Amino acid sequence: MFDYIILIPLFPLIGFLLNGLVGKKLGKSFVSWIGPGTVGLSFALALKLFLDLLSLPAEQRVIEQIAFPWVISGDLQVNIAFLLDPLSAVMMLVVCGVGFLIHVYSIGYMHEDPGYARYFSFLNLFEFSMLVLVLANNFLLMFLGWEGVGLCSYLLIGFWFEKKSAADAGKKAFIVNRIGDFGFMLGMILIFVTFGSLNFIEVFKVAPEYLQVGSGLAVAITLLLFAGAVGKSAQIPLYVWLPDAMEGPTPVSALIHAATMVTAGVYMVARCHVLYLLAPFSLSVVAVIGAITAFYAASIGLVQNDIKRVLAYSTISQIGYMFLACGVGAFAAGIFHLMTHAFFKALLFLGAGAVIHALAGEQDLRKMGGLKSYLPATFITFLIATLAISGIPLFSGFFSKDEILWKAYSQGNPILWLIGFMAAGFTAFYMFRLFFLTFYGKPQFDVHRAHPHEAPYSMRIPLIILGVLSAIGGYIGLPQSLGGKNWFEKFLAPVFAGETHLGSQVQSHFAEYFLMILSIAIAFIGLMVAFRFYVKNPAVAEKIKVKFRKTYQVLLNKYYLDEFYGKVLVQPFINLALFFWRFIDVEIVDGLANGSANFVGWCSKVFRKVQTGYFRNYALSLALGVVIILTYILLK
Amino acid sequence: MVPLSYYLILSGVLFGIGVIGVLISRNAIVIFMAIEVMLNAVSLALVAFSQQMGSPSGQVFVFLVMTIAAAEAAVGLAIIIVIHRSRESINVDEVNLMKW
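Chains as they are written, first to last, in our numbering: chain V, 580 to 1215; chain F, 20 to 119.
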């Protein structure tokens, strides 16, 4: 029944090969079928597998499929093998489903681009790597997918590589991710040394016997793995690559830098929850980093003027929420938010793409405005996504975010809750600021020249589907306090069997209702403030900008962290590299090589005088040599 | 009967004349002849040893030397003729292109 799991990642790989090798020759319509088609096949198959999985009893929903052995070296045995359990099934559906919609959207968005086939081959390769990442049954195969998505991210950020800023952004993403991946690799090696295996099931089964709760080894392993997650999921201190990654095409931002790849870190932490539960210190690190990032990135998002950058900071902030959930042991809530976030953030990016498309490449919020009447479909779907991310009740983001805040309060501590709560207010404000600046007010672009037009159907339909998902996606995780069954958490429960032991469970629903009302209130406050600032009375916003000029400048310049990294890390490294180049390499290494050559050259210059060209000189030296040798032999 | 030392002294003198001829002469033909003298000096010594020891192997060696001398003469004279054709001279000091 589950024999064909391997086909799920295989389809996009075939798509990658076809598009990459012959796509350019066979033309755009071929690419448009193969690119989204292969991912669509994977999605259909993933749905089928998901339904098969549902038909099994809850405790049997762990399926391991070994395709073939991959690495066999001494004690190390790694298979190309896939693990299907509720957690990877959710990820698989999100990756295939959202991925498929974005592939379809890309047909419209990238149609004019000369690199059409290249674009789709990269996108297929990404889809393959991401599916390997989420379906792998061992750390090494997961790492293969992990690096694969990193490579695709690099290739797609720098897709318009003739633009220097895009090429630089690609490099930045790749290098910053290297730092985190190094931690992942070390963590993986430590796992193998400790447990003698890299297989998830084996490692997690023996982990409680091998490791004491809170032991140094457990903390080391989990923190190293978390370093990888911090890099890939753009958390403090390694988040700096994600805002720059917006140089890539907008569907790429939606797929890779919002919906799937950047949440891989959350998936990894959730996958390794057994290890994390053995290291409470690491868990609190995860929670604190998540909470601080959620707040920090949201505060930057308040004042950014580039539509995609606001969304990028919003993504960082939302992933912070997911880590906050994981850090307080509410892994299911984290994955739930991961899923709803994939819906509404992909929708926001695709909507932003439609806006950018309509305005012929304009990304500055201050030059938009009044698009409501020009782009009605985009307007409606964008509104749904904005409501969802802001945590307005009845939309998906409300349920998932509220779940996280509640868990942060009940299982973590009130300070974490407070940080997350304030970040939620910021979120509502910056999202509605973006929304109002884009769709309301007077058009700030040249109305006669720009002719904003609604996107073609290939772009509009994914928007509508994602809009529906953003609106209703939250109901599968309706909490018990609101009369739901929290189906999502129950579905994931077999995977996260250990989590309920963490922290004290508060039984009364009273606190939950109270916090819920507070978060609804702050979401509406954010909305109202944004409405007042950007629709009703724009002068107020200007006044506040002037009054808090210093704060505004700090936020606008992203706390000067890029400058700080540039001064403290990048510049010294460049200087060191220059030192190695200009001194060690040019002077010493080349000096040694050239020096020995020069020495030999000098010697031959001296000794070649012996070759006089006169026959009798040679004869004389011959005779003398014979005499010397004979004398030596005779005298011996 | 002539003692062996006489032969050997004659052979040594002949060889010395050959060496000096090679070293001081500039004429390629003369150098060539000096080399022949050296070869024949060696042949003389070989024959003398052969006679003294009653063994034919020294004489066999002499035949070998003569064969080689004949081959060498053929090749060497050919080279000298070619040099003479291109340079109108067989002075070895003028043939000094192969140098630094």
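Every residue, glycine too, gets a C-beta built ideally from N, C-alpha and C.
Predicted model, so just to flag it, every value in this text is computed and none were measured.
For V/Asn-658, no alpha helix (DSSP H) encloses it; the enclosing beta strand (DSSP E) starts and ends at 655–663.
Within chain F, no residue has its beta carbon less than 8 Å from that of V/Ala-1176; the closest one is some 19 Å off. Close CB contacts of V/Lys-1124 within its chain, under the 6 Å cut and outside five residues either way in sequence, are with Tyr-1131 (chain order). Residue pairing for V/Glu-982: DSSP places it in no beta bridge.
By the rule that beta-carbons nearer than 8 Å mark a contact, V/Gly-749 does not touch chain F. Straight through space, the alpha carbons of V/Thr-1017 and V/Tyr-953 are spaced by roughly 11 Å. Cβ-Cβ distances below 6 Å link V/Ala-808 to Gly-844, Met-847, Val-848 in the same chain, with the five nearest sequence neighbours on each side left out; the list follows chain order.
Here V/Phe-705 is buried: its Cβ has 16 or more other Cβ atoms, across all protein chains shown, within 10 Å. Per the DSSP secondary-structure output, V/Asn-717 pairs in a beta bridge with V/Asn-778. Closer than 9 Å at the C-beta level to chain F, one finds these residues of the stretch 1189–1200 of chain V: Val-1189, Gln-1190, Thr-1191, Gly-1192, Tyr-1193, Phe-1194, Arg-1195, Ala-1198, Leu-1199. Annotation: V/Lys-986 to V/Phe-1093 spans about 14 Å, alpha carbon to alpha carbon.
Setting aside the 5 residues that flank it on each side, V/Asp-1141 is surrounded in the same chain by Val-819, each with a C-beta closer than 7 Å to its C-beta; the list follows chain order.
Residue-level contact by beta carbon holds for F/Leu-116 and chain V, with a gap shorter than 8 Å.
Measuring C-alpha to C-alpha distances from V/Lys-951 to each of V/Gly-676, V/Ala-925, V/Gly-1020 identifies V/Gly-1020 as the nearest. Taking CB atoms only, V/Ala-1202 has a neighbour in chain F less than 8 Å away. Less than 8 Å separates the beta-carbon of V/Leu-586 from that of V/Leu-624. For V/Val-650, the enclosing beta strand (DSSP E) has its first and last residue at 642–652. Beta-bridge annotation (DSSP): V/Asp-943 is paired with V/Asp-885. In the same chain as V/Pro-1041, and ignoring 5 residues on each side of it, the C-beta atoms closer than 8 Å to its own belong to Leu-680, Ile-681, Val-683, Tyr-684, Leu-929, in chain order. Sequence-distant partners of V/Arg-1012 (beyond 5 residues in either direction) whose C-beta falls short of 6 Å from its own C-beta, in its chain, are Ala-1109, Tyr-1113.
Below the 7 Å Cβ cutoff, chain V contributes Ala-1198 as neighbours of F/Val-41, in chain order. Under a criterion of Cβ atoms nearer than 9 Å, no residue of chain V is adjacent to F/Val-84; the nearest Cβ is some 18 Å distant. By alpha-carbon distance to V/Asp-760, the top candidate from V/Val-711, V/Met-1107, V/Pro-993, V/Ala-806 is V/Ala-806.
When V/Glu-1091, V/Ser-812, V/Val-782 are compared, the shortest CA-CA separation from V/Ile-800 is found for V/Val-782. The stretch 825–845 of chain V makes contact with the stretch 694–710 of chain V, as at least three CB pairs between them are under 8 Å. Spanning the alpha carbons of V/Val-1185 and F/Arg-45 requires a straight line of approximately 28 Å. Shortest Cα-Cα distance from V/Phe-1089 to any of V/Ser-989, V/Phe-1143, V/Gly-1053 involves V/Ser-989. The C-alpha of V/Ala-786 lies about 31 Å from the C-alpha of V/Trp-996. V/His-1027 counts as exposed, since fewer than 16 other beta carbons sit within 10 angstroms of its beta carbon. Proximity of F/Val-38 to chain V, defined by a Cβ-Cβ separation below 8 Å, is satisfied.
Residue contact with chain V for F/Val-101: absent (no Cβ-Cβ distance below 8 Å to any residue of chain V).
Excluding five sequence positions before and after V/Phe-1008, the CB atoms of its chain that fall closer than 7 Å to its own CB belong to Leu-881, Gly-1105, Val-1108, Ala-1109, given in chain order.
According to DSSP, residue pairing for F/Asn-110 in a beta bridge involves F/Asn-46. CA-CA distance, F/Ile-28 to F/Val-61, rounds to 11 Å.
With a contact defined as Cβ atoms closer than 8 Å, V/Ile-613 and V/Leu-735 miss out at about 18 Å.
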